[in-house]
Every structure is written in structure tokens, then in C-alpha cells.
Amino acid sequence: MRTLLAHPVRPLVALVVVAIACALPAAAVTVPSPIGKLSDYGAVFDRHDRDEVNASIDRIAKLLRVDVYVLASWENPLPSVEQLANAVFSAWNLTARRAILAVFLRTGLDWSASVVASSLVRGELGAIDERLEGRMADLVEHRRVKEAVRAMFDELEALPAAQRASAALAKANPSEQRRGVPAAVMIGGGAALVVILAIAIRWRICPRCAGLLRTETSRFRASASRRVYSCRRCGYRRGG
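Each residue of the sequence shown is one higher than the last, beginning at 158 in the working numbering.
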């Protein structure tokens, strides 16, 4: 051993030994596998919340052509949430894609968050990961993780690129605008229809047998006439 260390290449040998020693712990780290685009290992979201988050994920994919992944976890095999986020981003093969990953980590009673964006996304949207972290920081600090996730998607939808895409979609699909008709308008239209039907029933349906009234014109003066409603079934007559 002393002979080996005395060899002229001993600095190189030492460097290789250190590199191997550093690589072994990293290789042994196991990060959570994706359940879907929402991986809720921390049991943060109920069924309604999951549906809402997945709908937001789909909308951002449509507006920005960016896949958003969300991971909530109580376990971290690495020293910090930032290191966990980067390890997950690499393990899930998101580096070469148009992707954003938001990791929420619970430690005791406290939460922390880290966002990673691929170089493709950062090239188009700038430091979007830092911007999203800043938007969520106060909410995460106060343990309001669900609201932080909503705030993240609100921030993404507020981007100029998303606004332009949303306007283009609305223009291409007018039916999307009709879906937003206020409930008051629908209720008012329904009430008007009921009134019209009531009037029609009052004047054209026989109050005795529910038969259809026929109409005829009857002269009661030399220069005047009136409309008469009569029922052939029961003989009911009105107006004559």
C-alpha cells in the first residue's frame, strides 16, 4: 500500500477513490416513482382536489404545451427539498421535455417547496421556476399547500403566452363562451317560457275537459266582431 501511494500517479488514484465514494450514496438514493402527473404521497388532496389539479394540469398543457408535475411527499432521502426536486426531475426523465415539476415536502409540521423547469421551458418563459416558488412561498410557509398549488396554476395562466393561447382557443371554439352564460339568464329564460306556456294553456285548453279549443269570429254588432273559443268535446264556449 505504501508503495502504491508513493507511485507518481497517486493523486489520480486518490481522486478516483473520492469520486467513487461520493457516487455510491447518490446511486443508493431512491426517489418516489410517478403515480401520474399528480403524485400525492403526502395524502394532501381529496378526490375533488385531485380532479381540480388534474384539470389545471390539462389546461396548462393545452395553453402552454408544458407538462406540469406535482409531487407531495413526507419522505426525503436527500439533505434538502431542492436536491430532492432535482433528483426527481432527472429520475422521471423530464430534463429533455417541456416540463415543470413542483415538489412539496413535509418535515414534521412544516412544509417546503421547490420548483424545477426544463431548459426548454426556461428558454421560453424565463426563470419561471423561481417565479412560481416566489408566488407560493408565503402559502407554503403557512402550510396552505392546496392554495399554493392553485396559486401556481393561476400564475401560469396569467402568463402572456397563456393569455394569448386562451383567447385563440375561445375564438376558435365559440361554444366555450356559451358555457359561461350566467345562471340568472338561464333562470329568466325558463321563467319566461313557463309564463308563455301558462298563457297558451289558459286560452287554448278547455277548462272542463282539457280538450283543444277551436276559434271562430262572431259578429255582435253590425261593424264589430269578437273571437270566440269553443270546445267540440264538451260544448264549452267563451267569448261569444
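Where is the CB? At the ideal position from N, CA and C, for every residue including glycine. On a predicted model such as this, the values are computed, not experimentally measured, just so you know.
Should Pro317 go down as buried or exposed, given a rule of 16 or more other Cβ atoms within 10 Å for buried?
-> exposed
Could you tell me the distance, in whole angstroms, from the CA atom of Ala200 to the CA atom of Leu289?
-> 22 Å
Can you say whether Glu287 is buried or exposed, counting buried as having 16 or more other CB atoms within 10 angstroms of its CB?
-> exposed
Expressed to the nearest angstrom, what Euclidean distance is found between the alpha-carbon atoms of Gly193 and Leu220?
-> 20 Å
Drop a sphere of 10 angstroms on the beta-carbon of Ser326, count the other beta-carbons inside from all chains shown, and report buried for 16 or more, exposed for fewer.
-> Ser is not the amino acid found at residue 326; the sequence shown has Leu there. Looking at its Cβ environment, which holds fewer than 16 other Cβ atoms inside 10 Å, Leu326 is exposed.
In chain order, what residues of the same chain lie with their CB nearer than 8 Å to the CB of Ala218, ignoring the 5 residues before and after it?
-> Asp224 and Val225
Run of the alpha helix (DSSP H) containing Ser213, from where it starts to where it stops = Arg204 to Leu221
Val302 versus Leu296 - alpha carbon distance = 7 Å
Residue range of the alpha helix (DSSP H) that Ala322 falls in?
-> Pro317 to Ala329
Is it the case that the Cβ atoms of Cys366 and Arg395 are separated by a distance below 9 Å?
-> no
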